[in-house]
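Taking it in order: structure first as structure tokens, then the write-up.
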Amino acid sequence: MGTPADHLHAWLRDAHAMEEQAITMLTSQSARLENYPELKAQIDKHLQETRDQVAMLDRCLERTGGSSNIKDITGKFVAFGQGLSGLFVSDEVVKGSLASYTFEQMEIASYKILIAAAEYAGDQETKRVCEAILQQELAMAQWLDEHAATITRKFLERDQQGMTAKH
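For any residue, its number in this note's numbering is found by taking its place in the sequence shown, counting from 1, and adding 1121.
Printed below as a string of structure tokens:
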């Protein structure tokens, strides 16, 4: 049985690993997007936000007394494999958008949990950081939701015309 602060710290490590995984996935996606400039721009914007989020989480972890190296390494390895998997599917952009939206929902839930835990543990700075990150994750999920149909139609149009459609 741990203290609320112990649980908060463990969940911050999980969030840090999750964001490191997101960086790997977003970098891989962005590098291959050629025919979807609006999606690429949004991914690149969120990639920078995610890098900033990692730095904010680093400060929270340092303040609460630890790091997240082992989980980060595992997360990066998994994300690398997921990034490579896009090379082998003909509808990479559609499946990538689906995976990104799903990942955003997991991040949103994680930050809501962290906010509640930080509040319970009396860690107002971590709560503030997680609230700021949550807003960025909500915005990215909303953008993906609003553009899913457009991305799908563009993929189908390009595919029907015999043009490169997958990325």
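Cβ coordinates follow ideal geometry from the N, Cα and C atoms, glycine included.
Requested in this report: Express the C-alpha separation of T1247 and E1107 in angstroms, rounding to a whole number.
Outcome: The structure shown has nothing for residue 1107, since the chain only spans 1122 to 1288.
Query - Boundaries (first-last residue) of the alpha helix (DSSP H) holding E1278 - result: Position 157 of the sequence shown, counted from the start, is the residue given in the question as residue 1278. Start and end: Q1245 to Q1281.
Query raised in the report: Where does T1223 land, buried or exposed, given buried means 16+ other C-beta within 10 angstroms?
Result: Within the sequence shown, residue 1223 is the residue found at index 102, counting from 1. Per the 10 Å Cβ criterion, exposed.
Query raised in the report: Within 7 Å: the Cβ of S1218 and any heavy atom of the ligand SAH?
Result: Questions concerning the ligand SAH fall outside what the structure shown contains, since it holds no ligand whatsoever.
Query raised in the report: On the three-state DSSP scale, how would you describe L1219?
Result: For this step, residue 1219 is matched to residue 98 along the sequence shown. Helix at L1219.
Query raised in the report: Around the C-beta of M1146, are 16 or more other C-beta atoms found within 10 angstroms, so that it is buried, or is it exposed?
Result: The residue labelled residue 1146 in the question sits at position 25 within the sequence shown. It counts as buried.
Report task. Verify whether the separation of the beta carbon atoms of T1148 and L1178 is less than 8 Å. Result -> Numbered from 1 along the sequence shown, position 27 holds the residue referred to as residue 1148. Numbered from 1 along the sequence shown, position 57 holds the residue referred to as residue 1178. No, these two residues do not count as a Cβ contact at 8 Å.
Query raised in the report: So L1259 and I1229 are in contact, right, with Cβ under 8 Å, and what is the actual spacing, rounded?
Result: Here residue 1259 corresponds to residue number 138 of the sequence shown, with the count starting at 1. Here residue 1229 corresponds to residue number 108 of the sequence shown, with the count starting at 1. Correct: roughly 6 Å between the Cβ atoms.
**Report entry** Euclidean distance between Cα positions of K1275 and D1173
**Finding:** As a first step, residue 1275 is located in the sequence shown; it is residue number 154 there, counting from the start. As a first step, residue 1173 is located in the sequence shown; it is residue number 52 there, counting from the start. The C-alpha of D1173 is placed about 31 Å away from the C-alpha of K1275.
Query raised in the report: Near A1200, what residues of its chain come up, given a Cβ to Cβ distance below 7 Å and the 5 sequence neighbours on each side ignored?
Result: Position 79 of the sequence shown holds residue 1200. Note that A1200 has pLDDT 46, beneath the 50 cutoff, so the model's placement of it is unreliable and the number below is only indicative. Contacts found: Q1142, T1145 and M1146.
**Report entry** Residue range of the unbroken alpha helix (DSSP H) whose run includes T1285
**Finding:** Looking up residue 1285 in the sequence shown gives position 164. No alpha helix (DSSP H) holds T1285; DSSP gives it neither H nor E.
Query raised in the report: Helix, strand or coil: which one does DSSP assign to L1133?
Result: Residue numbering aside, residue 1133 sits at position 12 when the sequence shown is read from its first letter. In the structure shown, L1133 sits in a helix (DSSP, three-state: H, G or I).
Requested in this report: Determine contact between the stretch 1156-1164 and the stretch 1261-1272, defined as no fewer than three beta-carbon pairs at a distance below 8 Å.
Outcome: yes
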